[in-house]
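Asker: Residue numbers (the working numbering), protein chains in the order written: chain A, 1 to 309; chain B, 1 to 231. Heads up, the beta-carbon is just placed ideally off N, CA and C, and yes, glycines get one too. Quick caveat: nothing in here was measured; it's all calculated off a predicted structure. Have a look at the structure that comes next, please.
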Amino acid sequence: MSFRPVAYVARHVQAFLGSLGRLARNPLATMLTLVVIALALALPLGLKIFVTNARAATGDFANALDISVYLRTDVSLEKAEQLARSARERPDVAEVTLIPADQALAEFREHSGFAAALQVLQENPLPHVLHVRPTRESSSPAAIETLRRYFAAWPEVEIVQLDTEWVLRFNAILELLRRFLAIAALVLAVGVLAVVGNTIRLEILNRRAEIEVTKLVGGSNAFVRRPFLYTGALYGLGGALLALGIVVAAVVALEGPVATLAQSYGSEYTLTGPAREDVGALLAGGVLLGWIGAWIAAARHLRDIEPRA
Amino acid sequence: MIVFDHVVKRYPNGREALSGVTFRIDAGEMVFLTGRSGAGKSTVLKLIALLERPTRGTVLVNGKNTGALKPRHVPAFRRNIGVVFQDHRLLADRPVYDNVALPLIVADTPLKEIDRRVRAALDQVGLRGKENALPLELSVGEQQRVGIARAVVSKPPLLIADEPTGNLDPELSLEVMRLFKRFSDVGVTVVIATHDLNLVREFGQREIVLDNGRVVNPQESDDLPSVIATR
C-alpha cells in the first residue's frame, strides 16, 4: 500500500477530534481525571514559584556575602588604598570598597547618637576597613573561606569578619528545597503516568469490541493506538492548564498579603507568578507525560486484544 | 485462491479442532463449509482470516502462507479479506456510514474515495438512505447487510462468512445468500460456513463437509501437491 500523506494527516486530525469529542461527552469522568493530574502538576510548579520568590525576597545572595577586612589601626590610608588595589586584582573578587577610618568615625558620630562622647577622644580609634564582595561564581562556602584565609594572612590585617552564616544556611535551605522540588516532580510525574495509564487502560477495556473489529478489518496497532495517545496527551495538556490555573489563582490570592507584609518591612517586594519558561515546561511536560502514560498502557493492553471469530 | 494442505489445529487446551484438513478453493468460487457444531468450520475461517495460525500443515490465502506471515504484515493481509459474522459485529455507537467506512479508514483511503465507495457498497446491499442510522435502529436483516457492506467496501478478493444467516428468517437468509452469489459472480471468492443445508442445496454451490475436524468428502483434496509445490 502506498503512503498517502494527506489521508495520513486527515486520519491524525480525525483521531485527535475523536479523542476530544470522547472526553467532552464524559465531562464528569474527564474532569475528575484532570483534577488529579492538575494537583500532581501544580505541586512542583507551586514549589518552584515559592523557591523563586524566596530567592527574590531575600535579595541576591552574592551581594549579601560581603567580607569585612579590618586593618590594624597603625596602617596608613595610602597603604590601605594599595591593599584595596591588590585585592581588586583577584579574579574571585567582584568589588572592593575602602572605608577610611575618618569616614567611618564621621558616620558613626552622625548615626550613633554618641557625638558628644566621641568629641573627647584624642585620636580616631577606628581602623580603615575593606568591604570585599566576592564574584557570584566564588560565593560558595569553600570559596569564601579561601578568601577569608587570604586576607587573614596579610600582616596589615587585624581581623576578617564574615557575617554570612545566615546567608549560607538560607542558601542550604533553598538548595534543600530545590532538591525536594526535583524529587517531588519526579514522584508526581510517575503519579501522572499512573493516572493516565490507568484511565487509558479502562478506556481500552471499554472499547474492546471496537478494537477487535478495527483489527479484524486490517487496522494496524499504530492505527488502533493513535486515538488513545491523543487522549493521553489531551489529559496531560488539560491537567497542565488546570494546574496553571490553580497556581495562578494561589499567587493572586497571596499577592495582597505578601505585599502588605513586605511594606511593613519597608520593602517594595511583590509576589511573582510562573515565568513564561515555567508555563512552557509545565504544558510540554503535561502533554509528554500524558502521551507516555497512554503509550505504556496502549502497548501493554492492545497487543492482548485480537479479533475473535 | 485458498489452499489447506494437511492442516492440523490444536488449541492450547489440547482440543484438536482440525486433524489434517486438505482442500483447495479457486479464485472466484463460492463454497459452503458445512458440518455439525464443533466440526471445525469456524476454525477453518479463523485460519483463513489469520485469527489463528495452523499447528501443522500449510494454509495459503491470496498467495500468502499464513503460518509464515510476520505479525507486522497481518493488518495488510486482513485488508484483503472481508469477514461477515452471524452477530454482525457492528459498532453500536457509530452510524451505518462510519461502520461501513471503517476498512477504508484503516487503509488511509482518501476521504472522497471513502465517500464514493461507502455509498456504492450501501447501494449494493440496498441500504442507500440509511447512512446516518445507528445499527440498533435497523432490523436484524438490515444489520446483517451493513456487515456485508463493510466486508465488501474495500473490494477484497476474498469474502468469508461465519453462519451469516443464523439469526435470519428463511426469506432474509435467501436474500443475504443472493447478495453473496452476486459478489461471487463478479470474481470475489466467497467462503460461507453454515449448517443450513436447505440453503446450500438451494444455491447448488460446491460444499466442503467437515466432521470432527476432518473433510469427509475426499474429492476435495484432488490436485493439491502441484499447488503447494509452486510456493
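Whose CA, out of A/Ala80, A/Leu174, A/Ala42, A/Thr260, lies closest to the CA of A/Val157?
Answerer: Taking only the C-alpha atoms, the option nearest A/Val157 is A/Ala80.
Asker: Specify the secondary structure class of A/Leu130 as computed by DSSP and reduced to three states.
Answerer: Residue state, collapsed to three classes: strand.
Asker: If contacts are defined as beta-carbon pairs under 8 Å, then B/Leu33 and B/Leu210 qualify, I think. What distance do you get, rounded to the angstrom?
Answerer: Confirmed, Cβ separation roughly 6 Å.
Asker: Near A/Thr199, what residues of its chain come up, given a Cβ to Cβ distance below 7 Å and the 5 sequence neighbours on each side ignored?
Answerer: So the qualifying residues of the chain are Thr33, Tyr235.
Asker: Using a Cβ-Cβ distance under 7 Å, would A/Tyr8 count as near chain B?
Answerer: Yes - at least one Cβ of chain B is within 7 Å of the one on A/Tyr8.
Asker: Within the same chain, show all residues whose beta-carbon is closer than 7 Å to that of A/Ala143, passing over the 5 residues directly before and after it, in chain order.
Answerer: The residues are Asp92, Pro134.
Asker: So, are the CB atoms of B/Phe77 and B/Leu90 less than 7 Å apart?
Answerer: The answer is no: Cβ separation not under 7 Å.
Asker: Label A/His310 either buried or exposed according to how many other C-beta atoms from any shown protein chain fall within 10 Å of its C-beta, with 16 as the threshold for buried.
Answerer: There is no way to answer for residue 310 of chain A, as the model of chain A reaches only from 1 to 309.
Asker: Does chain B have any CB closer than 7 Å to the CB of A/Gly18?
Answerer: Chain B contact via Cβ: absent.
Asker: Using the Cβ count rule (16 or more neighbours within 10 Å means buried), how would you classify A/Leu229?
Answerer: So A/Leu229 ends up on the buried side.
Asker: Can you tell me whether DSSP reads A/Leu289 as helix, strand or coil?
Answerer: Of the three classes helix, strand and coil, the one that applies to A/Leu289 here is helix, per DSSP.
Asker: With H, G and I counted as helix, E and B as strand and the rest as coil, what does DSSP make of B/Asn13?
Answerer: Three-state result, B/Asn13: coil.
Asker: Can you confirm whether B/Val140, when its beta carbon is compared against all beta carbons of chain A, has any partner nearer than 7 Å?
Answerer: For B/Val140, the answer is no, since every Cβ of chain A falls outside 7 Å of its Cβ.
Asker: If A/Ser227 and A/Gly21 are in contact, beta carbons under 8 Å, what's the gap, nearest whole angstrom?
Answerer: The amino acid occupying residue 227 of chain A in the given sequence is Pro; Ser does not appear at that position. Actually they are not in contact, since the Cβ atoms of A/Pro227 and A/Gly21 sit about 10 Å apart, beyond 8 Å.
Asker: Interface residues of chain B around A/Gly219 at Cβ under 7 Å?
Answerer: Result: Pro75, Val106.
Asker: What number of angstroms, rounded off, separates the C-alpha of B/Pro138 from the C-alpha of B/Ala39?
Answerer: Residue identity differs from the one stated: residue 138 of chain B is Leu in this sequence, not Pro. Rounded to the nearest angstrom, the two C-alpha atoms are 33 Å apart.
Asker: Between the beta-carbon of A/Ala233 and the beta-carbon of A/Gly290, is there less than 7 Å?
Answerer: Yes, they are a contact pair.
Asker: In whole angstroms, give me the CA-to-CA distance for B/Arg119 and B/Ile105.
Answerer: About 14 Å.
Asker: Tell me B/Ile208's beta-bridge partners as DSSP assigns them.
Answerer: Paired residues: B/Leu33.
Asker: Look up B/Ser19 in the DSSP assignment and give the residues it is bridged to.
Answerer: Partner(s): B/Val8.
Asker: I need the boundaries of the beta strand (DSSP E) containing A/Tyr269, first residue and last residue.
Answerer: It is not in any beta strand (DSSP E) - A/Tyr269 carries neither H nor E in the DSSP assignment.
Asker: Secondary structure at B/Gln86, three-state DSSP: helix, strand or coil?
Answerer: If DSSP states are grouped into helix, strand and coil, B/Gln86 belongs with coil.
Asker: Note down, in chain order, every chain A residue with its Cβ under 8 Å from the Cβ of B/Leu111.
Answerer: Chain A residues near B/Leu111: Ala7, Ala10.
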